[in-house]
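Enquirer:
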Amino acid sequence: MTEIRVTVSRWQTRGPWWRGRRRMPGLVLEIDGHGATQTYGTRDLDTARTMVLDYLDTVDEPAPRDATIVWIETGA
Numbered sequence: 057m058t059e060i061r062v063t064v065s066r067w068q069t070r071g072p073w074w075r076g077r078r079r080m081p082g083l084v085l086e087i088d089g090h091g092a093t094q095t096y097g098t099r100d101l102d103t104a105r106t107m108v109l110d111y112l113d114t115v116d117e118p119a120p121r122d123a124t125i126v127w128i129e130t131g132a
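Going by the numbering used here, 66 is the number at position 10 of the sequence shown; the sequence numbering is gapless.
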């Protein structure tokens, strides 16, 4: 079974004017040895898992859909 290590930190920004400038939360996902991606508007780990697997597909390092992801929280 494949194991992927991902360091997770939180980020937040003000949304666009047409959404009333409400805060938009997200996660920064630093994939060990492959780079980083982020989620927009959600901090859901199921969404983050999909983002990680899709990112690995785009950088030609596909991972099996049943890969184990080890989440490492930075506390930020």
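A virtual CB, placed ideally from N, CA and C, is assigned to each residue, including glycine. For clarity, every value in this text was computed on a predicted model and none was experimentally measured.
Find out if the Cβ-Cβ distance for the pair Ile-87, Ile-128 is shorter than 8 Å.
Expert: Cβ distance not < 8 Å, so Ile-87 and Ile-128 don't count as in contact.
Enquirer: Determine whether the beta carbon atoms of Ala-119 and Thr-58 lie at a separation below 8 Å.
Expert: Yes, they are a contact pair.
Enquirer: Suppose contacts are defined by Cβ-Cβ distances below 8 Å. Is Val-62 in contact with Val-126 by that definition?
Expert: Yes; because the gap between Cβ atoms is below 8 Å, this pair is in contact.
Enquirer: Ignoring anything shorter than 4 residues, give me the alpha helix (DSSP H) runs that lie fully in the segment 95–131, in order along the chain.
Expert: With a minimum length of 4 residues, the continuous alpha helix (DSSP H) runs that stay inside the segment 95–131 are 101–114.
Enquirer: Between Thr-130, Gly-131, Trp-67, which lies nearest to Gly-97 when the distance is taken from Cα to Cα?
Expert: Considering only alpha carbons, the answer is Trp-67.
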